[in-house]
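With numbering that gives the first Met the number 0, the residue at position 104 of the sequence shown is 103, and numbering never jumps.
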Amino acid sequence: MALKQEGKDSMIGNRPKIVVLGAGYAGMMTTKRLTQQFAPEEADITLVNKHNYHYQTTWLHEVAAGTIDVNRSRIMISDVINTRRVNFVHDAVVKINKESKTVQLENGEISYDYLVIGLGFEKATFGIPGMEEHAFSIQSVDTSRMIRDHIEYQFARYRNEKNPDSSMLTIVVGGAGFTGIEFLGELAERIPLLCKKYDIPRQDVKIIDVEAMPTILPGFDEELLSYAKESLEYRGIEFKLGTMIKEVKADFVVVGEDEEEIKAGTIVWTGGVQANRIVGESGFELTKGKVNVDATLRAPGHDEVFILGDCAWVMNNETGKPYPPTAQIAIQEADVCAHNIKTMIYGGTLQEFQFDDKGTVASLGGSDAMGTVFDGNKLYGMQAKVMKNVIDDRYLFLLGGPMLVLKKGKFRPF
């Protein structure tokens, strides 16, 4: 569907100010598309981000496990965004003032005519006691690096202490969604290497996944789920499905109705995310931690504000449920957002978001993966892993062209 929109800034007066908050998938691709939609003299485009780099969120589980280098996941913003066209503000957002159309930053304030909020996610703890204080989470480059360093530190401690506690080498992962399963796959690859490095028997290490749902990866095909679970179990992953985490302490978790205590040296929570808290603190109404945007991706009651990615719920009219906020969806939202901003300025037809599902592939570590592509065709093993790498490299190509693929991609000649 499409909606008619009369132009508001009919190329008279000042150039419209378009501000993009956050340099995640949605923010980066929206900024890229805006530079393609507008000539330099037509609009002022500003991108605000607390880091001077963009990172591959879908690679953070690899950083956390230590299977790729931190810098592999990071891309300098100035390498892919033309800073002569885009005013890049390296600062942190404090609050969005909707009524005055300003954004308060740690080091100043900027005004906007059109605002794109792509501030990403933070850990959703669902009120589980101790989760915020004692569990690591795969949220950013820095938190992922902390997990990697902590796991290796536990191996070093175990190797060097005279009477080490065996629980030092127990890793508990909360959640068996996409991030949790991919992280487990990387751990299955990394742990044998750490065992070899520190001369520790593999059987001394336990990796336990605790998931409240009765299955891993809800929504996936049963055959694919069985394949993934068997692959991970074969490499030493233990699952406790249909089991809730009741409480987290510094060195153990309490799980299940019988309140079993599992001692652990490392606890990582992957069980849920919500919109960056700045969104709610700025007065946007949240539903289960995110904003319900309309079909054109705008915030209710604020037509000049677009909310994308992990900050938003976008409804699937066919199912009556929101789309899962994946990188694939965020990238497609960017196209619609940029189009609609131009439409609001010049007039024309607003576009409603329609998700084009190109399939989903989950990495299981190493050369293993599984998923569906092209109208439900199932892929397993190396074939699925190749497709996963193609998907990752396609995003790099869209963002920075062939040179970025050569520099950062999964298929590199060096």
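All C-beta atoms in this analysis are idealised placements derived from N, C-alpha and C, irrespective of residue type, glycine included. Quick caveat: nothing in here was measured; it's all calculated off a predicted structure.
What would DSSP say about residue i, mapped onto helix, strand or coil?
i	result
asparagine 363	At residue 363 the sequence reads leucine, which differs from the asparagine that was named. Correct three-state label for leucine 363: coil.
asparagine 376	strand
valine 254	strand
tyrosine 152	helix
valine 278	helix
methionine 343	helix
isoleucine 299	The sequence as given places proline at residue 299; isoleucine does not occur at that position. If DSSP states are grouped into helix, strand and coil, proline 299 belongs with coil.
isoleucine 306	strand
arginine 73	strand
serine 99	coil
lysine 289	strand
lysine 87	The question names lysine, yet the displayed sequence has phenylalanine at residue 87. Three-state result, phenylalanine 87: strand.
serine 136	strand
phenylalanine 354	coil
proline 200	coil
glutamate 284	coil
alanine 326	helix
isoleucine 146	helix
glycine 399	helix
alanine 294	coil
Tell me, please, which residues DSSP counts as bridged to residue i.
i	result
serine 166	Partner(s): none; serine 166 has no beta bridge.
lysine 384	Answer by DSSP bridge pairing: none, since lysine 384 is not bridged.
valine 172	Asp208 and Val267
proline 321	Met314
leucine 104	Val92 and Gly107
alanine 368	Ser362
histidine 53	Ile74
glutamine 273	Glu121
In its own chain, which residues sit with a C-beta less than 7 Å from the C-beta of residue i, not counting the 5 before and 5 after it?
i	result
asparagine 106	Asp90
methionine 145	Phe135
glutamine 273	Phe120, Glu121, Ala123, Gly288 and Lys289
alanine 337	Thr29, Arg32, Leu33 and Gln36
arginine 189	Ala64, Gly65 and Thr66
leucine 395	Leu403, Val404, Lys407 and Gly408
arginine 393	none
Between which two residues does the beta strand (DSSP E) harbouring residue i extend?
i	result
arginine 14	Note, arginine 14: premise wrong, no beta strand (DSSP E); not H, not E.
glutamate 237	236-240
lysine 418	No answer is possible for residue 418: it lies beyond the span of the chain, which begins at 0 and ends at 413.
threonine 45	43-48
leucine 59	Leucine 59 -> not in any beta strand (DSSP E); alpha helix (DSSP H) instead, spanning 59-64.
glutamate 40	Unbroken run through glutamate 40: none, as it is neither H nor E.
glutamate 160	Looking at the DSSP string, glutamate 160 is not in any beta strand (DSSP E), and its letter there is neither H nor E.
glutamate 246	244-247
glutamate 259	259-262
glutamate 121	120-122
isoleucine 116	113-116
With a CB to CB cut of under 8 Å and the five nearest residues on each side skipped, what residues in its chain are close to residue i?
i	result
glutamate 197	Inspection of the sequence shows that residue 197 is occupied by tyrosine rather than by glutamate. Excluding positions up to five away in sequence, the list reads Phe154, Ala155, Tyr157 and Arg158.
glycine 400	none
asparagine 376	Gly358
serine 9	With a pLDDT of 42 at serine 9, under the threshold of 50, the modelled position of that residue is not reliable, and no figure is offered here.
valine 267	Ala63, Ala134, Phe135, Ser136, Ile137, Ile146, Ile170, Val171, Val172, Gly173 and Phe182
tyrosine 54	Ser72, Arg73, Ile74, Ser139 and Val140
aspartate 112	Asp8, Pro15, Lys16, Ile17, Lys100 and Glu303
glutamate 232	Phe238
serine 433	With the chain covering only 0 through 413, there is no way to say anything about residue 433.
glycine 12	Below a pLDDT of 50, predicted positions are generally treated as unreliable, and glycine 12, at 49, falls in that range; the measurement from the model is reported next regardless. The answer is none, since no qualifying residue turns up.
Return no unless some Cβ of chain B is closer than 8 Å to the Cβ of residue i.
i	result
alanine 249	Going by chain labels, chain B is absent from the structure shown, which holds only one protein chain.
Within the continuous alpha helix (DSSP H) that includes residue i, where are the two ends?
i	result
arginine 32	24-36
tyrosine 226	221-233
glutamate 131	130-133
Could you name the residues of the same chain whose beta carbon sits closer than 6 Å to that of residue i, not counting the 5 residues immediately before and after it, in chain order?
i	result
proline 163	Tyr157
glutamate 131	Thr124
glycine 179	Val172 and Thr269
glutamate 5	Note on glutamate 5: pLDDT 49, under 50, position unreliable in the model; the coordinate value appears next. Contacts found: Gly346.
key: Given 8 Å, three or more beta-carbon pairs between the stretch 310-318 and the stretch 79-87   = no
message = Three Cβ pairs or more, each shorter than 8 Å: is that satisfied between the stretch 39-52 and the stretch 13-29?
response = yes
task = Give a yes or no on contact between the stretch 294-306 and the stretch 110-122, applying the rule of three or more CB pairs nearer than 8 Å.
result = yes
request  = Could you tell me whether the stretch 52-68 touches the stretch 176-196, using the rule of 3 or more Cβ pairs below 8 Å?
outcome  = yes
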